[in-house]
Structures are given as structure tokens and as C-alpha cells.
Amino acid sequence: MRTPSRLLAVAAALGTLVATAPPAYAAPTVRRTAVVLLDFRDSALRDPDKVRATFAAQFFGPAPSVVSYYEEASDGRLRYAPVGDGGLFGPWPADLDATCDFTAIQRAGRAALADHGVPADAYDQLAVVIPSQKNKCAWAGLASVPGGTALLMDYLSLTGTVHELGHNLGLSHERRLVCEPASVAACAEDGYSDRSPIGGGGLVGLSAPELIHTGWLPADRRVAVTRTGRWTLAALHAPRDRPGPRALEIAVGARKVVVEYRAKATIDTTTPGVYAYRVDNAKYADAPLLDATPGTKGTDDTALAVGRPFTDAAAKVTVTVRSVGASGAEVEVRIGDAPSPSPSPTPSPSPSVTPSPSASATVPASEDPAAAEPVTPTPRSQPVPADSSYSWYAAGGALLLLTCAGALLLLLRRRR
Ligand SMILES: [Zn+2]
């Protein structure tokens with residue numbers, strides 16, 4: 009069964025998002041956060057004390073929590089701050105029978121907060137936790153993209169909550185593309201990237217395109233590659249004092265390919281390796297992973313193998329990982345018909361000329377396709393529940409996303 013389409017009204021109080029590319033040591037953007045627990049008329053939270061304690065710890069507790077995750081992911085640029093005394097409210101009765109209606113639930117949450125003296129202008133981020141036993145929704149969480157509202161089922165894990173808040177920051181589900189040989193243009197989707205919480209990868213770091221979108225990978229950590237050369241990438245999530253570029257942005261025809269090096273560092277526990285993403289029309293928030301081993305199923309071998317060229321023949325661009333080690337990943341890029349560059353020295357990274365992507369709450373409609381997001385096969389050989397669906401909704405020039413059906417939650421490794 010597919011979830012029927014619903015046109016979602018634009019939430020009136022979309023949260024303030026992070027500033028674009030803030031200086032590395034700027035004061036953090038604070039999202040004042042209210043988490044409200046609701047009971048439906050016909051079904052209350054079964055163990056309200058436990059749910060309240062669980063979500064209090066999930067949002068504002070010691071690591072791992074929402075606060076700790078986004079503190080690390082943003083390198084100190086974003087902080088979720090509890091509203092009032094601890095940020096948790098309720099459970100309060102909603103004037104609703106059990107429902108999956110995004111608009112009705114978020115309105116009930118806002119109304120309950122207002123009735124208890126917490127007006128809408130007192131918070132930037134709202135999370136509404138609802139009972140799950142009777143509404144039988146096809147999703148475990150919903151979020152506006154971008155925006156300041158998330159709906160969470162009472163059983164949702166920390167990974168799921170981090171995923172929903174990523175949507176609120178404007179991030180789409182990060183997909184995986186399997187392309188024809190020597191092309192980054194002729195590609196088909198094949199599930200999720202597995203490299204990000206918003207790509208079904210569990211509680212790992214964000215990908216380079218996601219960090220560029222949110223403004224958390226400043227220009228001096230990126231290299232705009234327009235010529236043949238070699239660069240040594242530091243691990244994407246290495247501590248901030250580690251020198252070196254963290255991503256290459258390679259012009260490939262009208263597109264860009266963003267290359268990152270993932271290694272075990274801080275919050276990042278994803279499979280180490282050098283990964284490439286395709287960015288169309290500067291849509292960093294929706295940049296799919298390019299599977300560098302397209303002949304195989306699964307996501308464990310999607311990294312670029314050392315010494316094996318990754319090519320777009322039409323654009324005459326070849327990316328080759330030359331080495332991976334403690335000092336970083338050495339990546340060679342050949343553009344045009346230039347001969348292979350000398351193996352040393354590594355050129356100094358030039359400042360990126362990439363325009364900083366907007367992270368504002370008023371992402372234009374063209375930022376995301378207003379088309380149906382396909383139901384994707386899972387990358388981990390797990391069955392897709394028959395009632396799963398993912399749908400996009402456009403309303404009033406802004407875009408909201410009904411998302412996160414059961415299939416995705418199967419992919420979210422619980423790492424608490
Ligand atoms: Zn989602």
C-alpha cells in the first residue's frame with residue numbers, strides 16, 4: 009500500500025537555519041528546541057515517563073545525543089538548546105484521534121505549547137513525539153525540508169531523530185548512483201549512500217556535500233579543481249586543527265564531482281575510503297554518491313579503489329586515488345588530455361571559487377525536485393516493506409518532505 013499523497017501546508021514558523029559558511033570560531037548558531045509529547049484522544053503514550061526520559065536523553069543528554077552529534081558534525085557551529093526547564097514538555101492531550109497527518113499534529117503540538125505559556129516565537133526547532141500504537145503510519149518520523157518541525161514516533165531511535173533534524177537543515181535522502189562505464193552522467197539510482205545518517209548510514213558523520221550545504225565545510229577547506237594535479241585530502245571529520253583540504257570540487261562538464269576522504273575520526277565511523285558524489289546545479293543538499301564499483305551490489309565497496317581510475321570520458325576527467333595513509337589520501341585529477349602529473353610535490357590547494365551554497369530557510373523551489381521521490385531498493389538486501397513510500401510535496405514555492413518510511417528505518421543502524 010502506498011501512502012496517499014497529502015499536500016502539506018508550509019509551516020508558519022520555519023526555524024532559523026545556520027548562517028552560510030561561518031568563520032571557524034564564530035559563535036554557534038543556536039536552535040532553541042522544544043520537544044513536546046502528545047497523547048491522542050483515543051491512544052495515549054503507553055509509558056509516558058519512559059518516553060519522556062528517553063527523548064530528554066536523546067536530545068539533550070550526554071553523548072551520544074542530538075546536541076553532541078550536531079556539535080561535532082558542525083564543528084561547533086550549531087547548538088540545539090533546550091527551551092525552558094529542560095526542553096521537554098508534556099505529555100499533553102491533543103484534540104485529535106490517532107492520525108498520521110503532519111499538519112494536524114504539528115499544529116496540535118504548537119497549540120499545546122502556547123496553551124502552556126510557550127509561544128511559537130520562543131523556539132526555532134519543534135519536535136512532536138506521538139503515540140505509535142494506533143495510527144499505524146508508514147513512517148517513523150517526518151520532517152519539513154528545510155524547516156523547524158519534526159514529528160517523531162515514540163519508538164524512534166537517536167539515529168532516526170538525527171536523520172529527521174538533518175531534513176530540517178535542508179538535507180535530502182542521500183542516494184547512491186550506479187553509472188555506465190566512464191560516465192557520471194548515465195546513471196541509475198540504487199538505494200542509499202550509506203555514508204550519512206540522512207543516507208541510511210547510521211550515526212556516522214555527514215558527507216562532504218552535506219557539510220558544504222550546511223556551511224560547515226568552509227571554502228578554505230575545499231579545493232575547486234579546474235586543472236590537472238594532485239592533492240592530499242585530510243580526513244573529512246578529522247579534528248579542526250588538522251591542516252589540509254577536506255574535499256575536492258571537480259568540474260565535470262556542467263556538473264561537479266565532490267571527492268572526500270573518510271577515515272575513523274571524531275563522530276565518523278563509516279567505512280573508510282575516498283568517495284565521490286555528483287552535484288548537479290549546485291544542489292549540495294541532494295548530491296548522490298557515485299558507486300565506484302558499479303558492477304557489484306551493496307555499499308561496502310563504493311569507495312574509489314587505490315590505483316583504479318574513475319573517469320568521465322565525455323568531460324575528459326579522471327580521478328585516481330594514489331595512496332591512502334595516516335597522512336591522508338592522495339588524489340590525482342586529470343583534466344583534458346594533459347599527461348599524468350608528476351607524483352610530487354602535492355600542489356598547494358587553491359582557494360575554492362565555489363559559491364557558498366545557501367543554507368537559508370528560503371531554499372528556492374528549484375533547490376529540490378518537486379517530483380515523486382522513487383521508492384528505492386535497499387542497499388542491504390533487506391526487504392522493502394510493502395507499505396513504504398517516499399513522497400515529495402511542493403506547496404507555495406517551498407518544499408516539504410514526507411519521508412522516512414519503514415524501509416529507511418531498517419537501514420538506520422542503531423548505534424546507541
Ligand atoms: Zn528521511
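Counted from 1, the sequence shown has number 114 at position 106 by my numbering; the numbering is strictly sequential. Don't be surprised by glycine CBs; every beta carbon is placed ideally from N, CA and C. Note that the coordinates shown come from a computational prediction; the quantities given were computed from them, not determined experimentally.
Of all the options the options, which has the alpha carbon lying nearest to the alpha carbon of residue i?
| i | options | result |
| --- | --- | --- |
| residue 243 | 267, 222, 258, 236 | 267 |
| residue 87 | 41, 328, 112, 241 | 41 |
| residue 261 | 292, 320, 144 | 320 |
| residue 63 | 90, 48, 82, 50 | 90 |
Which residues in the same chain have their Cβ closer than 8 Å to the Cβ of residue i, if we skip the five residues on either side of it in sequence?
| i | result |
| --- | --- |
| residue 287 | 217, 257, 263, 264, 265, 266, 295 |
| residue 73 | 65, 66, 67, 166 |
Measuring straight from C-alpha to C-alpha, what distance separates residue i and residue j?
| i | j | result |
| --- | --- | --- |
| residue 194 | residue 127 | 50 Å |
| residue 381 | residue 331 | Bear in mind that a pLDDT of 26 at residue 381, under 50, signals an unreliable position, so the number given afterwards is only what the model happens to contain. Those two C-alpha atoms are separated by around 37 Å. |
| residue 289 | residue 93 | 43 Å |
| residue 169 | residue 46 | 17 Å |
| residue 6 | residue 181 | With the chain running from 9 to 424 in the structure shown, residue 6 is simply not present. |
| residue 284 | residue 103 | 48 Å |
| residue 96 | residue 57 | 11 Å |
| residue 324 | residue 61 | 56 Å |
| residue 248 | residue 153 | 28 Å |
| residue 312 | residue 184 | 14 Å |
| residue 134 | residue 147 | 18 Å |
| residue 306 | residue 120 | 45 Å |
| residue 101 | residue 49 | 7 Å |
| residue 365 | residue 227 | Unreliable placement is indicated for residue 365, whose pLDDT of 32 sits below 50; the coordinate value is still reported in the next sentence. Approximately 11 Å between the Cα atoms of the pair. |
Does the beta-carbon of residue i have 16 or more other beta-carbons within 10 angstroms, so that it is buried, or is it exposed?
| i | result |
| --- | --- |
| residue 317 | exposed |
| residue 335 | exposed |
| residue 59 | buried |
| residue 115 | buried |
| residue 222 | buried |
| residue 246 | buried |
| residue 198 | buried |
| residue 99 | buried |
| residue 175 | buried |
I'd like the list of long-range same chain contacts for residue i, defined as Cβ closer than 7 Å, with 5 residues on each side in sequence excluded.
| i | result |
| --- | --- |
| residue 84 | 36 |
| residue 187 | 194, 195, 298, 302 |
| residue 235 | 343 |
| residue 202 | 208, 209, 307, 387 |
| residue 219 | 225 |
| residue 280 | 270, 271, 272 |
Whose C-beta lies closer than 6 Å to the C-beta of residue i among residues of the same chain, with five residues either side of it excluded?
| i | result |
| --- | --- |
| residue 172 | 149, 151, 158 |
| residue 75 | 68, 88 |
| residue 77 | 170 |
| residue 385 | Reliability of the predicted coordinates at residue 385 is poor, the pLDDT of 23 falling under 50, and the value obtained from them is presented with this limitation in mind. 199. |
Return the bridge partner residues of residue i from the DSSP annotation.
| i | result |
| --- | --- |
| residue 196 | 186 |
| residue 68 | DSSP lists no partner for residue 68. |
| residue 283 | 268 |
| residue 237 | 341 |
| residue 218 | DSSP output for residue 218 lists no bridge partner at all. |
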